[in-house]
Structure formats: C-alpha cells, structure tokens
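Have a look at the structure below, then the notes.
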Amino acid sequence: MVDLLARHYGLSGEIKTLSSEVECTAEVSLPDGRRLILKTSRRPEAVESFRFQSAAIATVAGATGFVAPLVLPTSGGGLMFAHDGVCGYLQTRVEGTPMHRVARSPRLLRDVGCALGRLDLALSRRELPAMHRPVLWHVRCWPRLMELQRYLPPGPVAEAVARSMRAFEREIAPAIGSVPWQIAHNDPSPFNTLVSEAGIAFIDFGDGCWGPRIQDLAIAAGHLVSDPALPLGGAEHLIAGYAAVLPLSSDEAGLLVGLMRARQSALILINYWRAHLFPGNADYIKKNVPRAERGLAILAPLDPARERAAVMAAAAMS
Numbered sequence: 001m002v003d004l005l006a007r008h009y010g011l012s013g014e015i016k017t018l019s020s021e022v023e024c025t026a027e028v029s030l031p032d033g034r035r036l037i038l039k040t041s042r043r044p045e046a047v048e049s050f051r052f053q054s055a056a057i058a059t060v061a062g063a064t065g066f067v068a069p070l071v072l073p074t075s076g077g078g079l080m081f082a083h084d085g086v087c088g089y090l091q092t093r094v095e096g097t098p099m100h101r102v103a104r105s106p107r108l109l110r111d112v113g114c115a116l117g118r119l120d121l122a123l124s125r126r127e128l129p130a131m132h133r134p135v136l137w138h139v140r141c142w143p144r145l146m147e148l149q150r151y152l153p154p155g156p157v158a159e160a161v162a163r164s165m166r167a168f169e170r171e172i173a174p175a176i177g178s179v180p181w182q183i184a185h186n187d188p189s190p191f192n193t194l195v196s197e198a199g200i201a202f203i204d205f206g207d208g209c210w211g212p213r214i215q216d217l218a219i220a221a222g223h224l225v226s227d228p229a230l231p232l233g234g235a236e237h238l239i240a241g242y243a244a245v246l247p248l249s250s251d252e253a254g255l256l257v258g259l260m261r262a263r264q265s266a267l268i269l270i271n272y273w274r275a276h277l278f279p280g281n282a283d284y285i286k287k288n289v290p291r292a293e294r295g296l297a298i299l300a301p302l303d304p305a306r307e308r309a310a311v312m313a314a315a316a317m318s
C-alpha cells in the first residue's frame with residue numbers, strides 16, 4: 001500500500017489496516033497530521049464499485065446539512081486508480097463517534113433524519129457511473145435471498161424473516177416502482193452514521209446504487225426499532241426529520257414499514273450466510289444482526305393500515 005500511495009498520489013505515511021467485509025480499507029496517517037482512508041482491491045468487479053463510490057462522494061461535496069468524506073484526486077486528476085490489477089481511491093477520514101455508541105435522544109434522531117434527507121437530496125441531482133452494477137443489498141435482490149434461509153437457526157427469527165419476505169414479494173415489490181427512485185446510499189446504519197462536531201456524517205458508500213428514495217429512510221429507521229411500547233419502535237423522530245426535508249407521499253408511507261421489515265430480514269439472511277463463509281470474521285459481519293432481529297420482532301404485529309397511520313403520524317411531527 002505504501003507503493004500505491006506514492007505512485008498514485010505522491011504521498012507517504014503510516015498505514016494501518018482496518019476491519020472491512022470486502023474491500024481492503026486502511027487508515028493513512030500523513031506526516032502533517034492529516035488522516036486519510038485508502039480503499040483498494042484486486043477483485044475485477046471492484047473497479048465498478050470504486051467508480052461508483054468515488055463519484056458518489058464527489059457528487060455530494062459542497063452540499064450542506066450533513067458531513068461526508070472528500071475524495072482526493074490522483075496525481076493524474078482522476079477520482080480513482082486502476083493499475084496492474086489493483087484499483088482504489090483515497091478519501092479524507094471523517095472524525096466522529098459512530099451513532100451506535102451515542103445515547104439517543106429525540107433531538108439527535110431528528111437531526112439524523114434531516115441529515116439523511118439532505119444526503120438523499122444531494123444524491124438525487126445526477127446519475128453516476130456504475131449505479132446499476134449488481135449489488136447484493138439491492139431491493140430487487142431481496143426475494144431471492146430466501147435461498148439463504150438454511151443458514152438461519154430454526155426458531156422465531158427464521159419464521160419472522162420468512163413472513164416478512166413473503167409479504168415483501170406479495171405486497172411491496174409490485175408497488176415499489178410507483179415511488180421515486182434515485183441514487184441511494186443504501187447502508188446508513190449506526191456504524192456508518194457518525195456524530196461529529198461539524199454535524200451528522202455518513203461514510204461507506206460501498207453499497208450505494210439506484211433504488212427507491214425511501215430505501216435509505218427504511219434502512220436507517222429499521223436500525224432504530226428497539227422500543228416495543230412505541231408504534232414504530234422508536235424510529236418516529238428520525239422519520240419526522242427526514243420528512244421535514246423530503247415529505248413522504250401516501251404511497252411511500254404505505255410501503256415504508258414493509259421495506260423496513262424486508263431490509264431487516266435481508267440483513268439477517270445475508271450476514272448469517274457471510275458469517276458461515278467467513279467464520280473468523282463472524283463477529284464483525286454480524287454486528288448489526290441482534291438489532292435487526294429485535295426490530296423485526298417489534299414491527300411484526302403491525303397491519304398495513306396501522307403501518308401507514310404510524311408513518312403518517314411520525315411524518316406529521318416534522
């Protein structure tokens with residue numbers, strides 16, 4: 001990596017490898033005190049992924065209402081490099097505390113929702129290279145994920161996943177084309193959402209793609225479902241913040257909870273499967289699974305009428 005940094009950016013520094021699922025992610029500490037993130041891969045398909053990621057980050061540069069990394073151009077002025085079987089890009093490191101380590105408050109959740117709405121607004125302004133590349137987490141792939149059910153331990157979670165995916169295929173998937181689509185971050189989880197001095201920050205655009213606009217809201221809200229005493233489990237204030245920036249249509253309100261459940265189910269299925277493939281990295285891979293399992297159990301009793309009413313009530317809080 002030292003050679004890559006020097007060859008493509010004319011920089012030198014101390015390099016430390018970080019945890020990551022697919023790409024090689026490293027922290028670069030420069031002599032002047034700056035800290036950067038270098039992402040590299042030898043997988044051929046990573047070229048398209050990095051084309052998208054670097055372009056998405058460059059697209060939101062200068063937008064207000066949220067914080068995101070900045071892409072550093074190569075010595076040749078490109079957003080990324082691909083040479084001798086290795087591709088990658090260099091970005092600034094965003095300083096902040098991951099949301100999963102921060103005490104939640106209505107104000108914080110509303111701020112996160114507003115910031116996510118601003119991010120989606122910034123991403124909606126243009127089309128990006130490789131935005132239609134295959135992405136395992138894409139909403140169109142979810143019905144096929146039930147092939148991974150054999151990796152789940154039998155019990156209530158597996159049953160809830162099966163019910164949610166059947167409902168998605170029967171009710172949500174046929175209607176998803178009726179709502180606005182755009183570039184989406186596609187993984188604004190509490191690990192990829194930071195609380196920083198400059199505001200709410202979003203990192204890791206690796207799963208980003210062309211999808212329903214409300215997919216980002218469904219993902220972020222789904223991670224917050226933890227209180228069985230509340231209609232949406234505690235995601236209400238985040239939904240209110242998002243709706244203050246991007247108001248929800250009646251169709252979006254009717255689909256949101258079904259999308260939340262389906263994404264929770266997709267997370268459970270994919271991460272149990274990945275943990276089986278890479279047992280040495282299972283703890284990192286399954287870091288979001290307990291949250292998804294709890295959220296799925298809380299949302300399970302809602303019927304379509306109550307789902308829509310709960311989302312509309314939350315959005316009206318804005």
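Per the UniProt record's numbering, residue 1 is the first one in the sequence shown, and the count goes up by one each step. Yeah, the Cβ is synthetic: ideal placement off N, Cα and C, and Gly gets one too. In this text the structure is predicted, and so the values were computed from the model without any measurement.
Do you know whose CA, among the options, lies nearest residue i's CA?
i      : options                        : result
Leu36  : Thr64, Arg43, Leu11            : Leu11
Val139 : Glu169, Phe52, Leu230, Leu116  : Glu169
Ala175 : Leu18, Gly254, Tyr284, Val289  : Gly254
Ala240 : Leu148, Gly88, Ala315, Asp84   : Ala315
Leu269 : Asp32, Gln149, Leu116, Ile200  : Gln149
Ile203 : Pro69, Met312, Arg101          : Pro69
Ile172 : Ala218, Pro188, Ala235         : Ala218
Cys114 : Asp283, Ala282, Tyr242         : Tyr242
Ser29  : Asp303, Asp216, Leu5           : Leu5
Pro290 : Gly88, Pro31, Asn271, Val94    : Asn271
Val245 : Gly117, Ala167, Arg34          : Gly117
Leu214 : Ile183, Gly234, Leu230         : A small fix is needed here, since residue 214 is Ile in this sequence, not Leu. When only C-alpha atoms are compared, the closest one is Ile183.
Asn288 : Ala82, Met99, Glu95, Glu48     : Met99
Ala297 : Lys286, Tyr284, Gly155         : Gly155
Leu121 : Asp216, His223, Met317, Ala229 : Asp216
Pro301 : Ala167, Gly280, Pro279         : Ala167
Met317 : Glu14, Phe81, Arg107           : Arg107
Arg104 : Phe81, Tyr89, Leu224           : Leu224
Leu230 : Phe278, Ala282, Val311, Gly177 : Val311
Leu299 : Gly222, Pro279, Val94, Trp142  : Gly222
Leu18  : Asn281, Gly33, Trp181          : Asn281
Ala198 : Val94, Trp181, Val135, Phe278  : Val94
Asp84  : Pro44, Leu119, Ser20, Gly76    : Pro44
Ser20  : Arg34, Phe278, Trp142          : Phe278
Our contact map puts residue i next to residue j with C-beta atoms below 8 Å; I'd like the distance itself, whole angstroms only.
i      : j      : result
Ser196 : Gly295 : Actually they do not touch by this definition, with Cβ atoms about 25 Å apart.
Thr74  : His8   : 5 Å
Leu194 : Thr97  : 6 Å
Trp137 : Asn186 : 6 Å
Ala46  : Phe205 : Ala46 to Phe205, Cβ: 13 Å. No contact.
Tyr151 : Trp273 : 5 Å
Considering only their Cβ atoms, is the gap separating residue j from residue i smaller than 7 Å?
i      : j      : result
Thr25  : Lys39  : yes
Leu79  : His237 : no
Pro153 : Arg51  : no
Val67  : Ser54  : no
Pro188 : Ala220 : yes
Ile200 : Val112 : yes
Val2   : Arg42  : no
Ala292 : Ile285 : no
Lys16  : Glu27  : yes
Met146 : Met165 : yes
Glu48  : Arg133 : yes
From the beta carbon of residue i, is the nearest beta carbon of chain C less than 7 Å away?
i      : result
Ala300 : Judged by its chain identifiers, the structure shown contains no chain C, having just a single protein chain.
Count the CB pairs spanning the stretch 256-269 and the stretch 154-173 that are closer than 8 Å, and state whether there are at least three. Short answer: they touch.
Count the C-beta pairs between the stretch 244-259 and the stretch 304-314 that are closer than 8 Å, then say yes if the count reaches three, no if not. Contact annotation: the stretch 244-259 touches the stretch 304-314, with at least three C-beta pairs closer than 8 Å.
If contact is defined by three or more beta carbon pairs under 8 Å, each pair taking one atom from either stretch, is the stretch 121-137 in contact with the stretch 50-65? Put simply, the stretch 50-65 touches the stretch 121-137. At least three CB pairs are less than 8 Å apart.
When you compare the stretch 237-253 with the stretch 203-211, are there three or more beta-carbon pairs, one atom per stretch, that lie closer than 8 Å? Under the Cβ criterion (8 Å, minimum of three pairs), the stretch 237-253 does not count as touching the stretch 203-211.
So within the stretch 107-188, which uninterrupted beta strand (DSSP E) runs reach at least 3 residues, ignoring any that extend past its ends? Correct list: 181-184.
Which runs of the alpha helix (DSSP H) spanning at least 4 residues fall entirely within the stretch 195-225, listed in chain order? List check, alpha helix (DSSP H) in window: 214-222.
Of all the beta strand (DSSP E) runs that stay within the bounds of the stretch 15-63, which reach a length of 3 or more residues? Complete beta strand (DSSP E) runs here, min 3: 24-29, 35-41.
Going residue by residue through the stretch 60-99, where are the continuous beta strand (DSSP E) segments of at least 3 residues, counting only ones entirely within it? For the stretch 60-99, the continuous beta strand (DSSP E) assignments of 3+ residues that do not extend past its boundaries occur at 81-83, 86-92, in sequence order.
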